[in-house]
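Novice:
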Amino acid sequence: MSGGVPPQAALADLSAAELAARLAAGELSAVEATEAALERIAATDGRIHAFLTVTAEHALAQARAVDDDRARGAPLGPLAGVPLALKDVLCARGIRTTAGSRILDRYLPPYDATVVARLREAGAVVVGKTNMDEFAMGSSTENSGFGPTRNPWDPGRVPGGSSGGSAAAVAAGHAALGIGTDTGGSIRQPASLCGVVGVKPTYGLVSRYGLIAFASSLDQVGPLTRTVRDAALLVEAIAGHDPLDSTSIDAPAPDLTSGLERGVEGLRIGVVAEFLRGGVQPGVRARVDEALTRLDKLGARLDEVSLPSFEYALSAYYLIAPAECSSNLARYDGVRWGLRAQGAPDVVEMMLRTRSQGFGAEVKRRVMLGTYALSAGYYDAYYGRAQKVRTLVVRDLERAWQERGLDLLVGPTSPTTAFRIGERADDPLAMYLSDVFTVPVNLAGTAAVSIPAGLADEDGLPVGLQLVAPVLGEATMLRAAHALEQDLGFDNRPSQVLARAERAGGRERGDRPGEEATTP
Amino acid sequence: MPISRAEVEHVARLARLALSEEELDRFATQLGVILEEADKLGQLATEDVEPTAHAVPMANVWRADVPGPCLPQAAALSTAPEVEQDRFKVPRILEEEA
Chain A
0 MSGGVPPQAA
10 LADLSAAELA
20 ARLAAGELSA
30 VEATEAALER
40 IAATDGRIHA
50 FLTVTAEHAL
60 AQARAVDDDR
70 ARGAPLGPLA
80 GVPLALKDVL
90 CARGIRTTAG
100 SRILDRYLPP
110 YDATVVARLR
120 EAGAVVVGKT
130 NMDEFAMGSS
140 TENSGFGPTR
150 NPWDPGRVPG
160 GSSGGSAAAV
170 AAGHAALGIG
180 TDTGGSIRQP
190 ASLCGVVGVK
200 PTYGLVSRYG
210 LIAFASSLDQ
220 VGPLTRTVRD
230 AALLVEAIAG
240 HDPLDSTSID
250 APAPDLTSGL
260 ERGVEGLRIG
270 VVAEFLRGGV
280 QPGVRARVDE
290 ALTRLDKLGA
300 RLDEVSLPSF
310 EYALSAYYLI
320 APAECSSNLA
330 RYDGVRWGLR
340 AQGAPDVVEM
350 MLRTRSQGFG
360 AEVKRRVMLG
370 TYALSAGYYD
380 AYYGRAQKVR
390 TLVVRDLERA
400 WQERGLDLLV
410 GPTSPTTAFR
420 IGERADDPLA
430 MYLSDVFTVP
440 VNLAGTAAVS
450 IPAGLADEDG
460 LPVGLQLVAP
470 VLGEATMLRA
480 AHALEQDLGF
490 DNRPSQVLAR
500 AERAGGRERG
510 DRPGEEATTP
Chain B
0 MPISRAEVEH
10 VARLARLALS
20 EEELDRFATQ
30 LGVILEEADK
40 LGQLATEDVE
50 PTAHAVPMAN
60 VWRADVPGPC
70 LPQAAALSTA
80 PEVEQDRFKV
90 PRILEEEA
């Protein structure tokens, strides 16, 4: 396709690396790439609802600046002109930032998150802010204060969460790049459910400055993309020490792309027994087993490993994360930003009313749970014990790396494929179980990636495979993920995904009148 | 572990949440179910285990004592629901005198 602008569908199917190459070669302008992304959003996001705010003017202005710089021969970032979908939990100066909450409905941050500043330096063009579970608390994006996002593979299903908007935007071809955050699986689980790649970097690799906090010892920013290479490029762009975040690791951003082709020959990969016990959907298990066979054929050495504390990680997580959230969310008091309830006679009543009106059910539930776990008389039995279990999780992983000599661990990302909208909404515990394989990584602060491993036989929906690495093991992890991705050849081109959903929707409507897959 | 409605009310007050009657009942049930699940942590022998508050071990992190730019007052106040005389304005804090 040389010369002229390629048709929209073809442009949407290009990876960020391919787009960047065309932009650099002058075959495509940043304005053309941005306009095409905005047109796709206008055409299909009414149905998917990946975006809370589309930043068309900002995006076009930035794209023009990229094109001007290129015309002048000025140096440009590696992602110059590539459209990006930004989770609405990262502050961007003067751009509405809600964290999916009504309490921040009209919040205009007075400063940029470090990640946002770095994305701008890299040249990525933010086309909009994406939907999410309120304050990143959820696994389906149904907890958004602004309505759910739908899975591009099947609009009757959830995209996962909490970064469901970014995952859906990338899967639907609204943007080649997406940014999410992962506190207990909120990048990896939606990546798994939407058939895309999601990376949770090592804690401290990416700055949290300007990230609206959920659980500060667990939160980490990372990429959602359609290829492993794009994820590596995006981590390179946002990683590295930031003096504005005291938990930021004091080291330069890692090189993750130059060794990507080195394969898995000789890598020792632990198959986690606790990841394959009961509760895993048969179609998920089948794709994971198949991926293990492929890794073996590619020359990796697979070894079963048991990490007993992982059985307790979910319970520990659902005390630690709510405890931290109850503390972090104390700042929504109607004084310095966000909603204030009117007509209250005194300040305490104003805070009570503001928080009760502004927070949704899941946020209230977690604030309550965290306050309880931290309160006098219960601290030792709940929060204190959870912190000790966190130590056991760290120790189990240390043993896997040190004593067993493993380079990576492998298992499913999520026990199931995408579930139906509403299916788990009234059962918090069932929803929390979505995160059972992802939370140990956050507790231990290490790195993990989810890549698509094919479609489950029973429902035809994407299955995610998780690779877990030690602290700062991103290069090895992405190299293995890339090798497996090339071998699998999974087709997640947005044109195919949307055409498939269209066919499935038509079938469903035809077969079962009155029970449409897209009923809100 | 079941949790009583009175406890839910007490915790809600601590968390500065005014819950409706319906919410109090629902949270009493749901928090009970979640805490019951959490009780299984008691099965583990953790007496001699040190707690982990943070996965990446770090001591105090200092920066050089050099003044730099900071958020201007007007920008900081721009997000406030109510402002008076360049300050955040809040409803009455102290009880009125009898």
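Sequences listed follow chains A and B, in order.
Numbering that gives the first Met the number 0 applies: residue 0 is where the first sequence begins, and numbers increase by one.
Numbering that gives the first Met the number 0 applies: residue 0 is where the second sequence begins, and numbers increase by one.
Note that CB positions come from ideal geometry on N, CA and C, so glycine has one too.
Where does A:G3 sit, in a helix, a strand or coil, going by DSSP?
Specialist: Because the pLDDT at A:G3 is just 47, under 50, the model does not fix this residue reliably, and the value given afterwards should be weighed accordingly. Looking at A:G3 - three-state DSSP - the assignment turns out to be coil, as it is neither helix nor strand.
Novice: Counting only the same chain and skipping the five closest in sequence on each side, list residues whose C-beta sits under 7 Å from that of A:T33.
Specialist: A58, L59, A62, P82, V124, V126
Novice: Pull up the distance between the alpha-carbon of A:R502 and that of A:D406, whole angstroms please.
Specialist: 42 Å
Novice: Measuring only between beta-carbons, confirm whether A:T358 sits less than 9 Å from chain B.
Specialist: The question names Thr, but residue 358 of chain A is Phe in the sequence shown. Chain B, which has a Cβ nearer than 9 Å to the Cβ of A:F358, makes this yes.
Novice: Where do the ends of the beta strand (DSSP E) carrying A:K387 lie?
Specialist: Unbroken run through A:K387 is the alpha helix (DSSP H), 384-401; no beta strand (DSSP E).
Novice: Quick one, are the C-beta atoms of A:T370 and A:S325 less than 9 Å apart?
Specialist: Going by C-beta atoms, A:T370 is nearer than 9 Å to A:S325.
Novice: Apart from the five residues just before and just after A:F274, which ones in its own chain have a Cβ nearer than 7 Å to its Cβ?
Specialist: Residues G410, P411, F436 of the same chain have their beta carbon placed closer than 7 Å to that of A:F274, with the five preceding and five following residues left out of the count.
Novice: Which class does A:D332 belong to by DSSP, given the choice of helix, strand or coil?
Specialist: coil
Novice: For the segment 181-206 of chain A, list the alpha helix (DSSP H) runs that are entirely contained and at least 4 residues long, ordered along the chain.
Specialist: 187-193
Novice: Sorted by chain position, which residues of the same chain lie with C-beta nearer than 8 Å to A:I420's C-beta, five sequence neighbours on each side aside?
Specialist: S139, E141, P147, R149, G155, R156, V157
Novice: Kindly indicate which residue of A:A98, A:R261, A:G80 has the alpha-carbon position closest to the one of A:D87.
Specialist: A:A98
Novice: Sort out for me which residues DSSP pairs A:G127 with in a bridge.
Specialist: DSSP lists A:V53, A:A84 as the bridge partner or partners of A:G127.
Novice: Here's a check: name, in chain order, each residue in its chain whose Cβ is nearer than 6 Å to the Cβ of A:F145, leaving out the five neighbours to either side.
Specialist: L51
Novice: Give the residues of chain B in contact with A:R364, contact being defined as C-beta atoms less than 7 Å apart.
Specialist: F26, Q29
Novice: Could you please give me the residues that DSSP links to A:V220 through a beta bridge?
Specialist: DSSP, once it has assigned bridges, lists A:T180 as partnering A:V220.
Novice: Rounded to the nearest angstrom, how far is the Cβ of A:P461 from that of A:G194, given a contact under 8 Å?
Specialist: 3 Å
Novice: Beta strand (DSSP E) containing A:D302: first to last residue?
Specialist: 300-304
Novice: Is the shortest distance between the beta-carbon of B:E20 and the beta-carbons of chain A less than 9 Å?
Specialist: no
Novice: Return the chain-ordered list of same chain residues with a C-beta closer than 7 Å to the C-beta of A:Y110, the five sequence neighbours on each side being excluded.
Specialist: C90, R92, G209
Novice: So who's on the other strand from A:P451, going by DSSP bridges?
Specialist: A:G463
Novice: 9 Å is my cut-off, CB to CB: does B:R4 come that close to chain A?
Specialist: no
Novice: With a 10 Å radius around its C-beta and 16 neighbouring C-beta atoms as the bar for buried, classify A:A429 as buried or exposed.
Specialist: It counts as exposed.
Novice: Taking 9 Å as the threshold (beta carbon to beta carbon), is A:K387 in contact with chain B?
Specialist: Cβ-Cβ to chain B under 9 Å: yes for A:K387.
Novice: Spatial neighbours of A:A455 within its chain, please: CB distance less than 7 Å, with the 5 preceding and 5 following residues excluded, ordered by chain position.
Specialist: Q280, G282, V283, R286, T416, V462
Novice: Within a Cβ cutoff of 7 Å, which residues of the same chain sit near A:A399, ignoring the five residues on either side of it in sequence?
Specialist: G269, V304, L306, L405, L408
Novice: State the Cα-Cα distance for the pair A:Y316 and A:A443, rounded to the nearest angstrom.
Specialist: Within the model, the alpha-carbon separation for A:Y316 versus A:A443 is close to 11 Å.
Novice: Would you call the CB atoms of B:F87 and B:A74 closer than 9 Å?
Specialist: no
Novice: Relative to chain A, which residues along the segment 59-84 of chain B have a C-beta separation below 8 Å, given in chain order?
Specialist: V60, R62, L70, A74, A75, S77, T78, A79, P80, E81
Novice: Ordered along the chain, which non-local residues of its own chain (more than five positions away) have a Cβ less than 7 Å from that of A:S162?
Specialist: K86, M131, G179, T180, S185, I186, P189, L223
Novice: Can you tell me whether DSSP reads A:P411 as helix, strand or coil?
Specialist: strand
Novice: Determine the direct distance from the alpha carbon of A:L466 to that of A:A479, and round the result to whole angstroms.
Specialist: 8 Å
Novice: State yes or no: is the beta carbon of B:P1 nearer than 9 Å to at least one beta carbon in chain A?
Specialist: no
Novice: Which stretch, first to last residue, makes up the alpha helix (DSSP H) that contains A:V366?
Specialist: 360-373
Novice: Quick check on the DSSP output: the beta strand (DSSP E) that includes A:V270 runs from which residue to which?
Specialist: 267-271
Novice: According to a CB-to-CB cut-off of less than 7 Å, which residues of the segment 300-316 of chain A neighbour chain B?
Specialist: Residues passing the 7 Å Cβ filter: Y311, S314, A315.
Novice: How is A:L297 classed by DSSP in three states: helix, strand or coil?
Specialist: coil
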